[in-house]
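J.: Have a look at the structure that comes next, please.
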């Protein structure tokens, strides 16, 4: 997956992609929880689109947590 993202998004190398991901992570930490969650949802949908929306996946996770 890292190789695909490196090519697709035009990073020079895998290490550059990882550095960018770390910078993004640190910047996301500065956001409030709701804003951070929304940004992560958007990123997830851009990188790995699926048949399910992120919000549906989150609701499913919450239901699983409640069952435990």
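Residue numbers (the numbering used here): 1091 to 1158.
Note that the Cβ used here is the ideal one computed from N, Cα and C, for glycine as well.
#1: What did DSSP end up calling residue 1186 once you bin it into helix, strand or coil?
#2: What do you get for residue 1146, buried or exposed, if any count of 16 or more other CB atoms within 10 angstroms of its CB means buried?
#3: Comparing alpha-carbon positions, which option in 1148, 1121, 1116, 1123 lies nearest residue 1134?
#4: Run the CB neighbour count on residue 1107, radius 10 Å, all protein chains shown included, and call it buried at 16 or more, exposed below.
T.: Put simply:
#1: Any answer about residue 1186 is impossible in this case: the structure gives the chain only from 1091 up to 1158.
#2: exposed
#3: 1148
#4: buried
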